[in-house]
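full-length UniProt numbering puts the first residue of the sequence shown at 1, with every later residue one more than the last.
I have placed the structure first, in the form of structure tokens, so that the comments after it can refer back to it.
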Amino acid sequence: MHGKKILITGGTGQVARPVAEALAAHNEVWCLGRFGTPGVEAELRAVGVITRHWDMNDTTVAVYEQLPTDFTHVLHSAVHRGDGSDFEDALGINSTACARLMTHCRSAESFLFVSTGALYKRQTLDHAYRESDPIDGVADWLPTYPVGKIAAEGTVRAMANVLELPTTIARLNIAYGPGGYGGVPMLYFQRMLAGEPIPVPLEGQNWCSLLYTDDLVAHVPELWNAASVPARVVNWGGDESVGITDCVRYLEELSGIEAKLVPAEVTRETYQFDPELRRSITGPCTVDWRDGIRRTLAAHHPAHVRQVMPS
Numbered sequence: 001m002h003g004k005k006i007l008i009t010g011g012t013g014q015v016a017r018p019v020a021e022a023l024a025a026h027n028e029v030w031c032l033g034r035f036g037t038p039g040v041e042a043e044l045r046a047v048g049v050i051t052r053h054w055d056m057n058d059t060t061v062a063v064y065e066q067l068p069t070d071f072t073h074v075l076h077s078a079v080h081r082g083d084g085s086d087f088e089d090a091l092g093i094n095s096t097a098c099a100r101l102m103t104h105c106r107s108a109e110s111f112l113f114v115s116t117g118a119l120y121k122r123q124t125l126d127h128a129y130r131e132s133d134p135i136d137g138v139a140d141w142l143p144t145y146p147v148g149k150i151a152a153e154g155t156v157r158a159m160a161n162v163l164e165l166p167t168t169i170a171r172l173n174i175a176y177g178p179g180g181y182g183g184v185p186m187l188y189f190q191r192m193l194a195g196e197p198i199p200v201p202l203e204g205q206n207w208c209s210l211l212y213t214d215d216l217v218a219h220v221p222e223l224w225n226a227a228s229v230p231a232r233v234v235n236w237g238g239d240e241s242v243g244i245t246d247c248v249r250y251l252e253e254l255s256g257i258e259a260k261l262v263p264a265e266v267t268r269e270t271y272q273f274d275p276e277l278r279r280s281i282t283g284p285c286t287v288d289w290r291d292g293i294r295r296t297l298a299a300h301h302p303a304h305v306r307q308v309m310p311s
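Take a look at the structure:
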């Protein structure tokens, strides 16, 4: 993309930051966020990103008064995850922020909302979820999270129709890579380093569709191009089905550090996607999940990498 004026929320996150940094080379990129991590705002500005402090918990109009309205493309990835128990906040904050943002940017060419696969109704561990599968918003590990996303999706669908704003709703799988905190695989590795148990299903394993940073960044312009009215829903993950237990075992192989896998009734459930629709929009992914895990581990924990094969 060249010569566009782009607004990105959640500008320091695992999804938004690498997209902002990549697009800033040839576009005018604005990032909204709280910028709580020391130095992160200066780092974004150093690569040409324009930053503005924004807390999506502030649902008033005033927060947008100093913000331009002539953005051509919007990526809304900020989320109020909630504390697991306050569903009123999760519903109100997420839905209102979406409505305010879309109204403010109603003249944009395309709006991309980052949702989650965690809202699907749980089926078998190895079920490949399609966009047409039923949803229920149940997540024992953080109950408010999928409920807030469902509320936001409803708002985004309604506003896309009301404002006639071309929109894509991308239900994200597990994004990971060298930036940010590394994604879920690095959360598991931190537990390995601490000798903490990692809950796994009593039988079988959880499956997912890991999405490496390089592929994620490459997909965003295509997801914008696919925007429509009514909003288009697409599962946003990688091409490969990856078992979480297999992923942890591979981290063991790379690092020599043992993982304490403990069978449990409640795990951090993950979902693998059928990639057919997404591939028709973005084309295939380019990074094999093992290569991606190697790169990610080398970036975040270089001292613990026993072997790193050439990329």
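All C-beta atoms in this analysis are idealised placements derived from N, C-alpha and C, irrespective of residue type, glycine included.
None of the values given here were measured: they were computed from a predicted structure.
Classified as buried, Asn235 has 16 or more neighbouring CB atoms from the shown chains inside 10 Å of its CB. Distance between Thr168 and Leu112, taken at the CA atoms: about 5 Å. Thr267 is positioned such that its CB atom lies no closer than 7 Å to that of Pro185. According to the DSSP assignment, Ile50 belongs to the beta strand (DSSP E) that extends over 50-53. Counting along the chain, the unbroken beta strand (DSSP E) around Glu28 starts and ends at 28-33. Gly183 and Ser77 do not touch by the CB rule: their CB atoms are close to 14 Å apart, not below 8 Å.
In its chain, beyond the 5 residues on either side, Gly179, Thr213, Val217 have a beta carbon closer than 6 Å to the beta carbon of Pro18.
Annotation for Pro166: no alpha helix (DSSP H) segment contains it, and DSSP assigns it neither H nor E. By the CB criterion at 7 Å, Asn57 and Ala152 fall outside the cutoff. Membership of Arg17 in the alpha helix (DSSP H) is indicated by the continuous run 16-23.
Closest in C-alpha terms to Ala25, from the list Trp141, His2, Leu211, comes His2. Annotation for Phe113: the continuous beta strand (DSSP E) segment containing it runs 110-116. With the rule of 3 Cβ pairs closer than 8 Å, the region 113-131 counts as touching the region 141-157. Residue burial annotation: Tyr129 is buried, with at least 16 other C-beta atoms found within 10 angstroms of its C-beta. The beta carbons of Ala20 and Thr59 sit about 24 Å from each other, so the pair does not count as a contact at 8 Å. The beta-carbon distance between Ile281 and Ala226, rounded to whole angstroms, is 5 Å. This is short enough to meet the 8 Å contact definition.
Here Ala298 is near Val305, since their CB atoms are less than 7 Å apart. Distance from Val63 to Glu164 at the Cβ level is roughly 24 Å; contact not present, criterion being Cβ atoms closer than 8 Å. Under the three-state reduction of DSSP, Pro302 is assigned to helix. Straight-line measurement puts the Cα of Thr270 at about 14 Å from the Cα of Val248. If only complete runs of 4 or more residues are kept, the region 267-301 shows the alpha helix (DSSP H) at 276-282, 289-300, in order along the chain. For the 7 Å CB-CB criterion, Gln190 and Thr245 do not form a contact. Using a Cβ distance threshold of 7 Å, Gly177 and Thr37 do not count as a contacting pair. Linking Glu276 to Gly256 through their CA atoms gives a straight-line distance of about 36 Å.
For Asn235, the uninterrupted beta strand (DSSP E) run begins and ends at 232-236, by DSSP.
Listed in chain order, the non-local C-beta contacts of Arg52 below 6 Å within the same chain comprise Leu32, local neighbours out to five positions each way being set aside.
If you draw a straight line from the Cα of Gly137 to the Cα of Pro143, it comes to about 8 Å.
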